[in-house]
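Here the structure is laid out as structure tokens; the discussion comes afterwards.
Residue numbers (UniProt numbering), protein chains in the order written: chain A, 1 to 508; chain E, 1 to 752.
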């Protein structure tokens with residue numbers, strides 16, 4: 001890392017001071033989840049980790065994360081033994097809050113270090129500096145990690161290290177780091193196909209297409225060793241099926257409680273509209289629409305419960321369908337990556353793999369949008385087309401995270417913070433990258449895109465006013481969430497199309 | 001100067017640049033390229049080879065005379081003549097340092113940007129040139145002084161931030177962003193607990209403020225100051241009551257249960273807390289922040305916009321005020337903001353408006369009384385300065401306006417509306433002499449000496465003596481400031497001819513708006529500091545939160561000082577110690593974390609490293625010692641529980657550390673007052689008439705101001721006043737001010 005400039009220290013210290021102020025802020029049940037994991041890993045033998053059901057928040061991250069929790073539980077037991085008491089559920093003393101929040105801030109330094117390294121040997125340090133700062137101060141991390149409570153900063157730090165290694169041509173290290181990451185949190189499997197193709201093509205094969213056995217074997221061995229270190233103990237104890245059932249619970253529905261703004265959100269919304277119409281008998285009568293409304297579907301989605309989404313009108317979708325669609329899209333990008341296995345092509349393919357999974361995956365969580373936004377940021381300063389894609393995806397993606405934080409005090413925080421972030425990041429980049437649209441269709445497109453972006457202000461006004469107008473009527477409670485989801489989905493899908501087109505058509 | 005640092009393009013892989021065919025290489029960028037690497041200019045062919053693939057403009061350039069295309073910026077411009085080329089970094093010795101320069105991760109684009117179309121970022125702004133001139137003309141003109149500063153950390157984050165914003169063409173966004181960021185920080189401090197959180201039956205200051213809303217909404221005005229005094233009876237002046245009434249009204253509209261009489265006592269629901277926090281934030285946004293902004297405009301009009309923006313940031317994140325108002329819960333920013341508005345009005349020459357605003361400030365919180373001697377004697381000094389006729393007229397007007405303002409404010413308690421006896425209740429409530437010399441541990445003279453002399457026991461039955469002594473000591477303490485202002489007014493009194501002039505022009509011309517600033521104006525901040533500190537140290541019944549009152553003028557002074565100035569060091573020290581002196585309170589409120597965060601944030605922002613030794617400054621030494629002591633005390637408190645015999649061990653140690661510092665600041669402010677008044681009026685020549693030559697004569701005056709305090713001043717008073725950190729942002733115009741500032745920089749102003 002070497003020399004760190006004063007302004008980099010500024011960002012670190014000022015943002016840390018600000019994050020301190022967020023310690024007493026709202027925190028979700030994920031806080032208790034992680035506290036419970038501290039307790040599990042500290043007070044139980046390793047054989048019990050994936051079997052324990054004292055709390056409903058069972059351990060469902062891969063073993064490296066469990067080891068990480070074990071590591072963190074050691075200081076915790078000295079600070080306050082109650083933190084690691086397995087029976088002490090819902091413990092929320094000031095000690096545990098400070099301790100857990102601090103671990104997030106400290107582990108996030110991994111992200112900071114990776115981002116600094118990104119600047120150092122960058123082709124264009126000045127822009128990379130903005131991008132690095134924008135990632136370190138990303139509203140997504142602020143909302144999910146420092147308010148909602150998770151360790152995404154730390155894990156995206158590992159991902160960025162891995163990408164950085166790829167940029168520096170140290171592909172073996174890149175592969176190992178990604179394998180490590182997978183064993184921290186398995187959601188990164190969304191990105192695995194791009195890694196697999198890239199490493200196979202550019203590391204294990206010569207440019208002419210001949211396999212280089214030594215490299216292939218060393219890569220395979222390294223990855224195998226990583227998985228051995230992670231899963232080995234559980235394989236020995238014969239707990240692998242139990243572990244996997246924890247990691248991949250296929251009992252959930254298509255949508256999360258709040259629909260992640262992806263393709264399925266639009267499909268579900270399309271399903272709701274005829275249904276909503278059918279609720280006003282006069283309308284139905286007038287239009288004489290005869291819809292076969294599935295009554296169980298009526299109850300399922302609109303109330304926002306976790307569970308199967310049963311469509312009222314449209315045929316039901318099964319996990320295998322989503323899986324096939326995702327794979328088809330990913331195959332397109334992977335073929336392109338196979339033909340052009342350069343670093344930039346890799347990052348774009350990586351982003352798109354994550355994006356396709358986000359768009360079409362089964363039971364996608366809205367937090368997964370970071371899987372798209374983080375690698376996409378690395379591409380943002382390529383040219384104006386990429387930049388605009390980045391802007392639309394970022395604005396829609398960050399806005400789609402807002403419903404995670406619903407308490408009124410934190411609402412003001414998330415809005416002001418995101419606005420400041422947007423102004424500081426997007427404005428200078430826009431100044432540097434802007435290109436005039438070359439013909440009328442492009443002018444129109446640009447106007448539409450800008451109108452869409454300004455629409456978020458109206459959307460926020462609507463969300464704020466609507467509950468006041470209806471007086472918290474439970475029948476219409478879901479509407480702001482649904483509108484948010486659909487509106488963000490429109491932007492994210494458009495951005496997805498843009499990025500796919502750019503990647504497929506561009507020469508690498 | 002980083003504007004000229006654009007050496008990147010030549011280091012880029014060519015394929016990369018080819019992709020950006022749309023880049024419009026502006027002339028300015030090319031100029032900076034030329035500047036940064038003059039060798040390129042000498043060897044145009046090699047440059048052309050590199051640039052051949054770029055946009056059309058450059059290919060034209062390759063066919064014609066290179067230098068004409070590469071530098072179409074008007075070279076005739078004064079700033080770009082050959083004498084000034086060191087601005088433009090022609091000095092090749094520094095060329096190699098560019099890639100290694102410490103540039104911020106957010107400072108990007110314009111600095112080393114590859115892409116030439118960020119034209120604005122590369123523009124040689126006038127202020128930037130002046131700032132660079134200031135550093136380049138110094139002893140180390142070959143080394144980039146600013147880079148050195150950055151490395152040493154003497155420049156604060158706020159200056160780096162402002163510089164970056166200006167370079168990225170976001171100059172107009174600095175103020176809104178700064179206000180948004182400070183609002184965000186204030187709101188986040190509010191996530192924490194407040195005074196008296198969850199401590200029935202009495203709770204704390206939060207409950208007091210909430211209770212006043214409840215009380216004013218439901219009771220007739222007459223009963224406000226008499227209702228159930230045992231439970232947080234109203235003891236602030238009427239304006240607070242009116243504001244409470246307004247907030248209460250709004251609150252009742254939203255949710256009436258928050259302010260039900262009696263039933264809402266101790267109300268701590270989430271919604272009610274949110275509403276209360278929001279009222280503080282809104283009042284702060286409406287009063288304090290505009291006051292800060294106008295302060296920066298009115299008092300620092302001659303400084304470059306970068307410095308003004310940095311000063312605004314310093315003031316916006318003032319840690320002590322933020323912690324008390326948004327953490328502990330009070331409305332001090334309203335009182336301070338009104339006083340600040342009054343000072344700004346004085347600076348703009350609107351004395352009557354200023355007087356009314358100060359009365360409002362007094363009417364919001366009686367603590368503004370700490371400023372009263374300074375404000376009063378400033379106005380008297382101004383009357384004397386204007387001469388017998390205009391002075392008397394102004395005096396009468398002031399007396400009338402002030403009285404009227406007070407009467408209107410207390411009107412609901414006065415005869416037409418209620419019997420005369422009603423007025424007794426608010427007055428006795430506002431000045432509680434019955435509550436003893438001091439309550440908690442306060443870092444003032446009485447509590448400090450109480451370690452040795454038990455005042456309360458000694459004078460147990462003779463409280464009157466103590467009251468008189470404290471009043472006498474306080475008066476003695478602020479006497480120097482009062483004397484300096486009045487004497488200053490006397491010495492700089494306007495001459496007869498000036499009076500005749502104005503008589504001839506128009507006999508009714510208001511003296512309240514003179515064309516040049518009052519010469520004693522630069523004394524005002526120091527006088528405010530001396531007075532309020534004297535009250536804090538010596539007066540009766542002082543709270544630890546009252547340190548906010550002296551901290552305001554101190555921070556105002558700090559915001560206008562260069563980071564190596566001793567004003568800056570005193571200001572930073574005073575603020576840190578001031579926040580530390582409230583540590584026992586904040587700890588009790590559960591705001592320890594916010595305390596840490598705000599100190600870290602603000603010190604980093606202003607670029608103050610408490611543990612750095614500043615040789616050659618007395619204050620630097622004191623600062624290091626005190627900060628070390630503070631850290632040690634915190635560590636001790638963390639590790640050791642106080643023995644049962646001395647439960648108050650740590651608060652007392654806190655007082656023992658803080659009081660000497662406050663005493664030193666008080667003495668220092670007196671010393672500075674003397675120096676400033678010496679500069680204003682200690683010289684033989686009487687004030688000359690303002691004329692067109694003022695700018696020219698200001699050159700010598702302002703340039704000597706750099707060494708102000710060490711060398712006597714020459715020149716004429718108006719300009720001197722300007723150079724002493726005061727400048728009116730109106731009237732004779734920015735151009736003139738800019739010109740003077742340019743000369744100042746050329747003369748080696750110590751400010752950066």
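Ideal Cβ placement from N, Cα and C applies to all residues, glycine included. Every value quoted in this text rests on a predicted model; they were computed, and no experiment measured them.
Legend entry - Helix, strand or coil at residue 453 of chain E according to DSSP, with G and I counted as helix: The residue you call residue 453 of chain E lines up with position 453 of the second chain. Looking at residue 453 of chain E - three-state DSSP - the assignment turns out to be coil, as it is neither helix nor strand.
Legend entry - DSSP-derived helix/strand/coil call for residue 438 of chain E: As a position in the second chain, residue 438 of chain E is number 438, starting the count at 1. Three-state DSSP puts residue 438 of chain E in a strand.
Inset, instruction - Can you pull the chain E residues whose beta carbon is under 7 Å from the beta carbon of residue 20 of chain A, in chain order? - result: Here the question's residue 20 of chain A lines up with position 20 in the first chain. What residue 20 of chain A touches in chain E: 593, 596 and 597.
Legend entry - Buried or exposed (CB count within 10 angstroms, at least 16 for buried), residue 127 of chain A: Position 127 of the first chain holds residue 127 of chain A. Buried is the call here.
Legend entry - Three-state secondary structure assigned by DSSP to residue 169 of chain E: Taking the first residue of the second chain as 1, we reach residue 169 of chain E at position 169. Taken through DSSP and simplified to helix, strand or coil, residue 169 of chain E comes out as coil.
Legend entry - Boundaries of the alpha helix (DSSP H) in which residue 569 of chain E is found, first to last residue: Taking the first residue of the second chain as 1, we reach residue 569 of chain E at position 569. That run of the alpha helix (DSSP H) goes 566 to 581.
Inset, instruction - Apply the 10 Å Cβ neighbour rule to residue 168 of chain A and answer buried if 16 or more other Cβ atoms are within range, or exposed otherwise. - result: On the first chain, residue 168 of chain A is found 168 positions in, with the first residue counted as 1. When all chains shown are included, residue 168 of chain A counts as exposed.
Legend entry - Backbone secondary structure at residue 211 of chain A - three-state DSSP: What you label residue 211 of chain A is simply residue 211 of the first chain in a count that begins at 1. Here residue 211 of chain A sits in strand by DSSP.
Inset, instruction - At 9 Å on the CB atoms, spell out the chain E contacts of residue 423 of chain A, in chain order. - result: The sequence position of residue 423 of chain A within the first chain is 423, counting from 1. Those are 170, 173, 176, 177 and 180, listed as they occur along chain E.
Legend entry - residue 165 of chain A beta carbon less than 9 Å from that of residue 177 of chain A: Position 177 of the first chain, counting from 1, holds the residue named residue 177 of chain A. Position 165 of the first chain, counting from 1, holds the residue named residue 165 of chain A. Yes.
Legend entry - Buried versus exposed, by CB contacts within 10 Å (16 or more), residue 271 of chain A: Residue mapping note: residue 271 of chain A aligns to position 271 of the first chain, counting from 1. Residue 271 of chain A should be labelled buried.
Legend entry - Extent of the continuous alpha helix (DSSP H) run through residue 226 of chain E: By 1-based counting over the second chain, the position of residue 226 of chain E is 226. Run containing residue 226 of chain E: none; DSSP gives neither H nor E here.
Inset, instruction - Identify whether residue 72 of chain A lies in helix, strand or coil by the three-state DSSP scheme. - result: In the first chain, the residue the question calls residue 72 of chain A occupies position 72. DSSP places residue 72 of chain A in helix when its eight states are reduced to three.
Legend entry - Any 3 or more C-beta pairs closer than 8 Å across the stretch 400 to 414 of chain E and the stretch 203 to 212 of chain E: no
Legend entry - residue 205 of chain A in three-state terms, based on DSSP: The residue labelled residue 205 of chain A in the question sits at position 205 within the first chain. Looking at residue 205 of chain A - three-state DSSP - the assignment turns out to be strand.
Inset, instruction - Measuring only between beta-carbons, confirm whether residue 431 of chain A sits less than 9 Å from chain E. - result: Position 431 of the first chain, counted from the first residue, corresponds to residue 431 of chain A. Judged by the 9 Å Cβ criterion, residue 431 of chain A is in contact with chain E.
Inset, instruction - Could you tell me which residues DSSP puts in a beta bridge with residue 332 of chain E? - result: What you label residue 332 of chain E is simply residue 332 of the second chain in a count that begins at 1. The partner list for residue 332 of chain E (beta bridge, DSSP) is empty, contrary to what the question assumes.
Legend entry - Sheet register partners of residue 243 of chain E (DSSP bridge): Position 243 of the second chain, counted from the start, is the residue given in the question as residue 243 of chain E. Under the DSSP definition of a beta bridge, residue 243 of chain E lacks any partner.
Inset, instruction - Would you mind reading off the limits of the alpha helix (DSSP H) that contains residue 461 of chain A? - result: The sequence position of residue 461 of chain A within the first chain is 461, counting from 1. 440 to 470 is the extent of the alpha helix (DSSP H) around residue 461 of chain A.
Legend entry - Inter-residue Cα distance where the pair is residue 666 of chain E and residue 450 of chain E: Counting from one through the second chain, the residue named residue 666 of chain E turns up at place 666. Counting from one through the second chain, the residue named residue 450 of chain E turns up at place 450. For residue 666 of chain E and residue 450 of chain E, the distance between alpha carbons rounds to 20 Å.
Legend entry - Within chain E, the residues that residue 52 of chain A reaches when beta carbons sit closer than 7 Å: As a first step, residue 52 of chain A is located in the first chain; it is residue number 52 there, counting from the start. Per Cβ cutoff of 7 Å: no residues; residue 52 of chain A is ~33 Å from chain E at best.
Legend entry - Burial state of residue 465 of chain E (16 or more Cβ within 10 Å): For the purposes of this step, residue 465 of chain E is taken as residue 465 along the second chain, with counting starting at 1. Residue 465 of chain E comes out exposed.
Inset, instruction - Using a cut-off of 7 Å between C-beta atoms, extract the partners of residue 413 of chain A located in chain E. - result: On the first chain, position 413 is the one that residue 413 of chain A refers to. Within 7 Å Cβ-Cβ: 184, 187 and 188.
Legend entry - Continuous alpha helix (DSSP H) assignments of at least 4 residues falling wholly in the stretch 238 to 291 of chain E: 238 to 254 and 270 to 283
Inset, instruction - Give the range of the alpha helix (DSSP H) segment to which residue 248 of chain A is assigned. - result: Residue 248 of chain A sits at position 248 when you count from the first residue of the first chain. No alpha helix (DSSP H) contains residue 248 of chain A, which DSSP labels as neither H nor E.
Legend entry - Neighbourhood of residue 75 of chain E by C-beta, 6 Å cutoff - its chain only, sequence neighbours within 5 removed: By 1-based counting over the second chain, the position of residue 75 of chain E is 75. Interpretation of residue 75 of chain E is limited by its pLDDT of 43, a score under 50 that renders its predicted location unreliable; the figure taken from the coordinates is listed afterwards. So no residue of the chain qualifies.
Legend entry - Proximal residues of chain A, C-beta to C-beta of residue 192 of chain E below 7 Å: To locate residue 192 of chain E, count along the second chain from 1; it is residue 192. Residues of chain A passing the Cβ test: 24.
Inset, instruction - For the alpha helix (DSSP H) holding residue 525 of chain E, just list the boundary residues, first then last. - result: Working through the second chain from its first residue, we reach residue 525 of chain E at position 525. Residues 523 to 538.
Legend entry - residue 270 of chain E at chain A interface by Cβ criterion, 9 Å: In the second chain, the residue the question calls residue 270 of chain E occupies position 270. For residue 270 of chain E, the answer is yes, since a Cβ of chain A falls inside 9 Å of its Cβ.
Inset, instruction - Name, in chain order, the residues that DSSP records as bridge partners for residue 255 of chain A. - result: Start at 1 with the first residue of the first chain, and residue 255 of chain A comes out as number 255. Looking at the DSSP assignment, residue 255 of chain A forms a beta bridge with A:364.
Legend entry - residue 50 of chain A burial status per 10 Å Cβ neighbour count (16 or more: buried): Counted from its first residue, the first chain places residue 50 of chain A at position 50. Its Cβ being crowded by 16 or more others within 10 Å, residue 50 of chain A is buried.
Inset, instruction - Measure the C-alpha to C-alpha separation of residue 366 of chain A and residue 438 of chain E and round it to an integer number of angstroms. - result: Position 366 of the first chain, counted from the start, is the residue given in the question as residue 366 of chain A. Position 438 of the second chain, counted from the start, is the residue given in the question as residue 438 of chain E. Their Cα atoms are separated by approximately 57 Å.
Legend entry - Reduced DSSP category for residue 155 of chain E - H, G, I as helix; E, B as strand; rest coil: Translated into the one-based positions of the second chain, residue 155 of chain E becomes position 155. Note: residue 155 of chain E maps to coil in three-state DSSP.
Inset, instruction - Just confirm the distance between the C-beta atoms of residue 368 of chain A and residue 492 of chain A, as a whole number of angstroms; I'd bet it's less than 8 Å. - result: If you number the first chain from 1, residue 368 of chain A lands on position 368. If you number the first chain from 1, residue 492 of chain A lands on position 492. Actually they are not in contact, since the Cβ atoms of residue 368 of chain A and residue 492 of chain A sit about 11 Å apart, beyond 8 Å.
Inset, instruction - Can you grab the Cα-Cα spacing for the pair residue 384 of chain A / residue 427 of chain A, in whole Å? - result: Here residue 384 of chain A corresponds to residue number 384 of the first chain, with the count starting at 1. Here residue 427 of chain A corresponds to residue number 427 of the first chain, with the count starting at 1. Cα-Cα distance, rounded: 13 Å.
Inset, instruction - Less than 8 Å between the CB atoms is what I'm expecting for residue 316 of chain E and residue 178 of chain E, so what's the real figure, rounded? - result: Counted from its first residue, the second chain places residue 316 of chain E at position 316. Counted from its first residue, the second chain places residue 178 of chain E at position 178. Yes, residue 316 of chain E and residue 178 of chain E are in contact; Cβ-Cβ is about 6 Å, under 8 Å.
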